[in-house]
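Here's the structure, in structure tokens; my notes come after.
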Amino acid sequence: MSEKISFEPPRGMRDFYPEDMVWRNRVFDAFRAAGAAAGFEPYDACVVESYELLARKAGEEVGEQIYHFYDKSERHLALRAEMTPTLARMVAQRQHELSFPLKWTTIAQCFRYERTTKGRKREHYQWNVDIIGEDSVLAEAEVIGAACDALRRMGLSSKDFKVHVSSRKYLGDLLAASGIPASKHAQVFLALDKRGKMPDSEIAQMLADGGLGAGEVQATFAIMDTKSYAASPELAELFRLAEIAGFADCLQFDIGVIRGLSYYTGIVFECFDTAGEFRAIFGGGRYDNLLTTIGGDPTSAVGLGFGDVVVTELLKARLGADAAKAKRGVAIGFMTPEQRDTALALAADLRRIGKDVNLALHPQKPKKFFSHADSTNAAEAVYIGPDDAAKGVARLKDMTTREEKEICLRSPNS
Ligand code: HAM
55 MSEKISFEPP RGMRDFYPED MVWRNRVFDA FRAAGAAAGF EPYDACVVES YELLARKAGE
115 EVGEQIYHFY DKSERHLALR AEMTPTLARM VAQRQHELSF PLKWTTIAQC FRYERTTKGR
175 KREHYQWNVD IIGEDSVLAE AEVIGAACDA LRRMGLSSKD FKVHVSSRKY LGDLLAASGI
235 PASKHAQVFL ALDKRGKMPD SEIAQMLADG GLGAGEVQAT FAIMDTKSYA ASPELAELFR
295 LAEIAGFADC LQFDIGVIRG LSYYTGIVFE CFDTAGEFRA IFGGGRYDNL LTTIGGDPTS
355 AVGLGFGDVV VTELLKARLG ADAAKAKRGV AIGFMTPEQR DTALALAADL RRIGKDVNLA
415 LHPQKPKKFF SHADSTNAAE AVYIGPDDAA KGVARLKDMT TREEKEICLR SPNS
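Next comes the structure, spelled out in structure tokens:
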């Protein structure tokens, strides 16, 4: 007797049934359109990478969440947890052939062994937009502007989300001004990134463990109350550019944005829903040293990752679970096997003029046909009975208004 296996996908992994694909396509279409509108070129890469490229220093969450394995030749491989190291590798490989600045985009499936909670899965699709080889803050503005554009294309506005922006460089300057040397900043960033996720007393302990004295810990917390970005030329410039480009209403300064990944060097940002109900919608920043870290030439870079999970939850909450169910295409049905060829001829004719046609595969009673056409969201439906086929005329029904109009049928052999 065969053993019954679970029909569920492995924990944290998702199946996409057709009703899920409607949402996924809505999100992906907005990603692709916003990327193209801002001049980003699509690229892609393998999902499996060498573990060595992805592995990171201790303390970084993503490094600890990597799915890794040995292949039959004992190569240590891993599923990518994010696209950025792969992008850096691809750029480093062709560094002397590529024409900079590069503006590249992709939708990459990523795998992380996370604790699965609302908004966090063990697999997600992540839209990446990156600009490699540009020092000016216009790069940040273009990347963030593209992400805001994608959210607008999905049907959301600046009332629904805000991009919280800060700068590690600015925070570093503030820490240095309080006497905390640059050598301790990485530890400080790591601890401060945990703020809101654990009590301040534990953060203080982490800072102390990182070598900060009591006065320095206190100074660090005081810095986290900074409300103005005016002393940071790069942040001031970003807000000025956003004003010109028309997305300043989507931005807000937030010194508390640190980012969990260690490679960021300058401006960092994270987008949240305004109601604070969901996890981060997207996040990114400037990472000017990553290429040198993996052995490439020094190259500035800025980019972001925008996952499909949180934004889909947000869209369903704000637009309603049925919002993505747009009616489309024509359903064609027939009553007895004798009308099958006529139905196929009509389907072929309509497809030739660019219509999407869902042709029934076997005869059906009219009630069954129309209820199936409704459940598959057909915009129009044609049902062919023996009389229609004999007369060479059928009725095309608008599934929203229920209005009908006559259409001609051709003989299947003509
Ligand atoms: P990240 O903040 O780790 O950044 O991820 C970016 C986005 O991916 C998150 O804001 C979220 O939307 C989504 N995401 C991440 N992990 C999960 C998960 N387990 N389940 C669902 N969604 C998730 C990065 O990955 C950087 N590499 C982004 C970047 C690109 N920086 C520069 N270029």
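55 is the number of the first residue of the sequence shown in this note's numbering; add one for each residue after it. All residues carry an ideal CB built from backbone N, CA and C; glycine is no exception.
Counting only the same chain and skipping the five closest in sequence on each side, list residues whose C-beta sits under 6 angstroms from that of Ala193.
Within the sequence shown, numbered from 1, the residue matching residue 193 stands at position 139. Cβ contact annotation for Ala193 (same chain, cutoff 6 angstroms, sequence separation greater than five): Ile185 and Val356, in chain order.
Backbone secondary structure at Val81 - three-state DSSP:
Taking the first residue of the sequence shown as position 1, residue 81 is located at position 27. Helix.
So is the beta-carbon of Val364 under 6 angstroms away from any non-hydrogen atom of the ligand HAM?
The residue you call residue 364 lines up with position 310 of the sequence shown. True, at least one ligand heavy atom lies under 6 angstroms from that Cβ.
Supposed contact pair Val242 and Leu228 - C-beta distance, whole angstroms, cut 8 angstroms
Against the sequence shown, residue 228 aligns to sequence position 174. Against the sequence shown, residue 242 aligns to sequence position 188. At roughly 11 angstroms, the Cβ-Cβ gap does not stay under 8 angstroms, so Leu228 and Val242 are not in contact.
Along the alpha helix (DSSP H) that carries Leu107, what are the first and last residues, could you check?
Along the sequence shown, one-based indexing puts residue 107 at 53. Segment Tyr105 to Leu108, the alpha helix (DSSP H) holding Leu107.
8 angstroms contact criterion, which Glu177 and Gly66 should meet: CB distance rounded
The count along the sequence shown starts at 1 and reaches residue 177 at position 123. The count along the sequence shown starts at 1 and reaches residue 66 at position 12. Contact flag correct, Cβ pair sits at about 7 angstroms.
I'd like to know whether the C-beta atoms of Ala200 and Val219 end up nearer to each other than 7 angstroms.
By one-based count along the sequence shown, residue 200 stands at place 146. By one-based count along the sequence shown, residue 219 stands at place 165. Between Ala200 and Val219, the C-beta gap is not smaller than 7 angstroms, which leaves the two residues out of contact.
So, are the CB atoms of Tyr121 and Tyr167 less than 7 angstroms apart?
As a working mapping, residue 121 is identified with position 67 in the sequence shown. As a working mapping, residue 167 is identified with position 113 in the sequence shown. Contact flag set, yes.
If we call anything under 7 angstroms between Cβ atoms a contact, is Ala240 one with Ile257?
For this step, residue 240 is matched to residue 186 along the sequence shown. For this step, residue 257 is matched to residue 203 along the sequence shown. No, the pair does not count as a contact, with Cβ atoms beyond the cut-off.
Within 10 Å of its beta-carbon, does Phe423 have 16 or more other beta-carbons around it, so buried, or fewer, so exposed?
Walking along the sequence shown from the start, residue 423 turns up at place 369. Label assigned to Phe423: buried.
Boundaries (first-last residue) of the beta strand (DSSP E) holding Leu131:
Position 77 of the sequence shown holds residue 131. DSSP places Leu131 in the uninterrupted beta strand (DSSP E) bounded by His130 to Leu133.
Boundaries of the alpha helix (DSSP H) in which Arg294 is found, first to last residue:
Numbered from its first residue, the sequence shown carries residue 294 at position 240. Where Arg294 is concerned, the enclosing alpha helix (DSSP H) stretches over Pro287 to Ala299.
Who pairs with Asn431 in a beta bridge, going by DSSP?
For the purposes of this step, residue 431 is taken as residue 377 along the sequence shown, with counting starting at 1. Asn431 is bridged by DSSP to nothing; it lacks a bridge partner.
So what's Leu373 in DSSP terms, helix, strand or just coil?
The sequence position of residue 373 within the sequence shown is 319, counting from 1. Three-state result, Leu373: helix.
The region 133 to 151 contacting the region 364 to 375, beta-carbon criterion three pairs below 8 angstroms:
At 8 angstroms Cβ cutoff, the stretches do not touch.
Less than 7 angstroms separating the beta-carbons of Met278 and Ile298?
The residue labelled residue 278 in the question sits at position 224 within the sequence shown. The residue labelled residue 298 in the question sits at position 244 within the sequence shown. Between Met278 and Ile298, the CB-CB gap reaches or exceeds 7 angstroms.
Within 7 angstroms (strictly less), CB to CB, does Ala448 reach chain D?
No chain D appears in this structure, which consists of one protein chain only.
Buried or exposed (CB count within 10 angstroms, at least 16 for buried), Glu73
Counted from its first residue, the sequence shown places residue 73 at position 19. Per the 10 Å Cβ criterion, exposed.
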